[in-house]
Amino acid sequence: MVLPKAGEGPVVYLIDGTSFVYRAHYAIREPLSTSWGLPTKAVFVFTRMLLRLLKEVRPEYLVLCLDEKEPTFRHEAYEDYKAHRPPMPEELVVQLPYIREVAEALGVPILSLAGYEADDLIATLAVRLPNPVVIVAGDRDLLCLVSERVHLWDPLREKTYTPEEVERRYGVPPERFPDFRALTGDPSDNLPGVKGIGEKTAAALIRAFGSLEEIYRRLDEVTPPRVRKLLSEGREAAFLSRRLLELSTSAPVPLELEHYRLREPDWTRLRALFRKLEFRRLLAELPAERLSLGEVVTVEDLPREVLSSERLGLWARPGEGLFAKELLSLSVATEGRAWVVQRASPETLRRLLGFSGLERVVHDLKALYHLAGEAPEAEGLLDVKLAAWLLDPTRRDYSLEGLAEEHLGARLASLDGKGMGERALALAELGPLLREAVEAAGLGPLLFEVELPLSAVLFRMERVGVRVDRAYLSRLAEDLRQELAELEAEIYRLAGEPFNLRSGRQLSRILFQKLGLPRGKRTPKGTDFSTDVEVLSALAERHPLPERLLRYRARHKLLSTYVEPLLRLADAAGRVHTTFNQTGTATGRLSSEEPNLQNIPIKGEEGELIRRAFVAEEGWVLLSADYSQIELRLLAHFSGDENLRRAFAEGRDIHAATAAEIFGVSPKEVTPEMRRLAKVINFGLAYGMSAYGLSKELGIDYKQAQAFMERYFERYPGVRRWREEVVEEARKRGYVTTLLKRRRPIPGLAAPERPVREFAERTAINTPIQGSGADLIKLAMLKVDRRLRAEGLKARLILQVHDELLLEVPEEELKQTQEIVREEMEGVYPLSVPLKVNLAWGRNWAEAKA
DNA sequence: GCGATTGA
DNA sequence: TCAATCGC
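Right, here's the structure in full:
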């Protein structure tokens, strides 16, 4: 960069933010966006440019100039301005707030003024400040401002424009540049110019006549006649172009230099922003920061003084070695001071968790309950993991380390050093921050009245576990291994050679190359030919192998995913203890892992075989309670659709009712086939399926599927209206909400790519339904758990499977428990349609499903 | 539609 | 990491 020699005082850098937004849009071909759908090309290019500027030039004074949304004086002065300046593409508009945020986080002063474009602000400052000025821009619109005191630097082309350089490059001095461009025009800028006049001719004309006015005043002197004719035809366009190029130098901007001093960057904010924008490389380049959160001391026992503080960060993990469960590593912290208790007992943790006198801030409360061996009834607990999840349930990482880095800018030390104390310190600081954010988002009641107390219920469910019949499972495993061996031999015989029949690649070689069967669709990534159920079932007519393979797959899945893990994970009493992940889904549902007990087969032979393995204690039974059609009922409630609400109010078979509606027949005339189709549509609706998904599910073509959906919406107009309203609301607010005000951000509604946008729309529609279902069953779990304990019953919750609760109940308590469960579940929350619960019980889960 | 798990 | 398959 060549710095201006004229001018007084330090150099001032004026950045034309808008020009970079456009430049980035056209400069990089491949699309760039976050995993959640925000296009980031422009922010990325801009950020890289700004970081480079700050690092290489180290400016003391600079200002980022941006446009405002409001129309400028150009709109007001010229009717046809808008016609010549199409609005900024939506893809770019959504990035503008982030550009502002990046600059703010970097401490760069920002200037924007209603009624003025960035160019006008820069022109005003360039003309009125006495300092040397470098305009940092990604286009040439501002070349006319170049002088001995004002240079223009294009960091993307690495080029400095001095007056000499402008003259050399364009053949006209900077002050004549607007005249020059008024003649040549600029298609990328929608500047018409004079048709047929190129740069050479324009420069020659201006050199000969001096200005645009002069050229037209002495038009008859222009030679050759061809150019004269072009000029005469393009007169209007030329003067319009010039008017559009005129800059205001009288914008009311502060002229005191100190307004434009670069401030200290807010690294914490910048880091959070880069993480959100998924700028991984840039994130790694940020200066490492190790904030000291406070002093850490190691103590033998919990100091008394901690209990007199107002708030405590509380962190614990299992101890080392043989006594990991009895001797915990535990740390507590008040602001600025942490105590590490090397060998605390679960009793210590229990006391702290149960001590309602002060706020205890923890990370993953349910895990602490397990360490404490109990969930004491208490007030004043705050779980930052739950809080962070409620604030944004779409993130993937809710680790304490991640939260500390994001909100406190602190990289926590490893656990063999000061790490334990720092974790407690981080919690003490995160507590008020996240509490405030939760309250501000209206998520307080959901956190403190639902999710936090639910942690205790889930802890008890996990600890009790589910009993499995190990003898039965062992026999089943043996039988399955036997059958798999036979199937394997048979498949090798049919294939004519042995191969790895669990490998899709090898299977597709056998099927499509060796046996010459017709290839079907590709795998989702398009790299291989698919061998999924759909393809294999279709091939079953032509060859016996596919059918055998499908059976092999089903049996193998049963053995390796269900039977073997259950045997492995069962404890000495034959009980398996799943872990419910309370922060694992974007919709608010729970998930279950090690083992996942929420996807135990239910249909077909496999379902029966495996569910018979889940049994009750001697003298107890399993009681299953599932919400009937909870999602469609919620759809009826939200949409207020009369037709749908009536069907539920009258206790009708909802799939049959839907079939009658869309086929225009009376309920009696509904055939099983019609009902099946209606059922798929109803399910599709609840899961946010597209017409495309529906067509695949039903094996019909897209047009037909569309017609079915259209027919549905005609019969249930309230549903259509509600869907449109939800999408509109998501567009306006950026998120959707559930019955209990749970939130989920919906990015991508403004995406230019149709698939991305439609995906976002489906998410926006599906989440309130699925998420409210989660709200209701969580509320019901709290109520059922509370009632059972209040009434002194031994019956207990053991599993939750999204719309089903599974309880283990002493035989003599069955009747009373059934009444309680039905009452609490059906009356969980008043909706405009009734909630219905199906109850079933038996010695095992298969019987309890009947 | 979402999430968990298995196996190459 | 991807493909396939289970549940809701």
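Numbering follows the working numbering, with no gaps: position 726 of the first sequence is 734. Cβ coordinates follow ideal geometry from the N, Cα and C atoms, glycine included.
Outcome for residue i when other beta-carbon atoms lying within 10 angstroms are tallied against a minimum of 16
i	result
Lys13	exposed
Ser337	buried
Leu227	exposed
Ile223	buried
Tyr710	exposed
Asn846	exposed
Glu16	exposed
Ile871	Missing from the structure shown is residue 871; the chain here goes from 9 to 858 and no further.
Lys90	Because the pLDDT of Lys90 is 49, which lies under 50, any placement of that residue in the model is unreliable, and the number read from its coordinates should be weighed accordingly. So Lys90 ends up on the exposed side.
Leu376	buried
Glu819	exposed
Gln712	exposed
Pro603	buried
Leu263	exposed
Asn690	buried
Gly321	buried
Gln826	buried
Leu574	buried
His415	buried
Asn607	exposed
Ala798	exposed
Anticipated Cβ contact below 8 Å, residue i with residue j, distance rounded
i	j	result
Val623	Arg527	So it is not a contact: roughly 46 Å between Cβ atoms.
Leu70	Ile23	7 Å
Leu814	Leu807	4 Å
Val543	Ala485	29 Å between Cβ atoms; not a contact.
Leu248	Pro186	With a Cβ gap of about 12 Å, Leu248 and Pro186 do not count as contacting.
Ala126	Leu74	5 Å
Leu642	Ser780	5 Å
Gly62	Leu114	According to the sequence as given, residue 62 is Leu; it is not Gly. Right, their Cβ atoms sit about 7 Å apart.
Residues of its chain near residue i, where Cβ-Cβ distance is below 6 Å and the 5 sequence neighbours each way are ignored
i	result
Val101	none
Ala464	Ala383
Glu303	Arg345
Thr775	Thr595, Val744, Arg752
Gly473	Arg583, Val584, His585
Leu558	Leu544
Asp147	Ser27
Phe671	Met682
Ile828	Arg795
Same chain, Cβ closer than 8 Å to residue i, five either side skipped, listed in chain order
i	result
Arg851	Val623, Ala624, Val629, Leu630
Asn589	Leu598, Ser599, Ser600, Glu601
Pro506	Tyr500
Residue range of the beta strand (DSSP E) that includes residue i
i	result
Val629	628-635
Gln808	804-808
Ile23	20-24
Glu244	No beta strand (DSSP E) contains Glu244, which is instead part of the alpha helix (DSSP H) from 243-253.
Thr209	From DSSP, Thr209 is part of no beta strand (DSSP E) but of the alpha helix (DSSP H) over 207-217.
Tyr69	69-73
Ile143	141-144
Thr745	743-745
Residues near residue i in its chain [Cβ-Cβ closer than 7 Å; skip 5 each side]
i	result
Met428	Trp323, Ser337, Ser339, Val348
Lys393	His371, Asp372, Tyr406, Thr591
Ala655	Ile662, Ala665
Ala782	Thr595, Gly596, Arg597
Thr306	Val348, Gln350
Glu498	Arg556
heavy atom of the ligand GTP below 8 Å from residue i C-beta
i	result
Gly365	With respect to the ligand GTP, the structure offers nothing, as it holds no ligand at all.
N- and C-terminal bounds of the alpha helix (DSSP H) containing residue i
i	result
Pro554	552-565
Asp487	478-503
Tyr169	Taken as a continuous stretch (DSSP letters only), Tyr169 belongs to no alpha helix (DSSP H), being part of the beta strand (DSSP E) at 167-169.
Val102	Looking at the DSSP string, Val102 is not in any alpha helix (DSSP H), and its letter there is neither H nor E.
Asn916	Outside the modelled stretch of the chain, which goes from 9 to 858, sits residue 916, for which no answer is possible.
Glu55	In the sequence as displayed, the identity of residue 55 is Thr instead of Glu. Element bounds for Thr55: 49-60.
Asp128	126-136
> Of all the alpha helix (DSSP H) runs that stay within the bounds of the segment 279-345, which reach a length of 4 or more residues?
Replying inline: 288-293
> Residue ranges of each beta strand (DSSP E) run of no fewer than 3 residues wholly in the segment 781-846, ordered along the chain?
Replying inline: 804-808, 812-818, all fully within the segment 781-846.
> What are the uninterrupted segments assigned as alpha helix (DSSP H) that are 4 or more residues long and contained completely in the segment 366-448, given in chain order?
Replying inline: 373-380, 392-399, 408-411, 427-448
> Considering only residues of the segment 594-620, which uninterrupted alpha helix (DSSP H) runs meet the minimum length of 4 residues and lie entirely inside it, listed in chain order?
Replying inline: The qualifying runs are 612-619.
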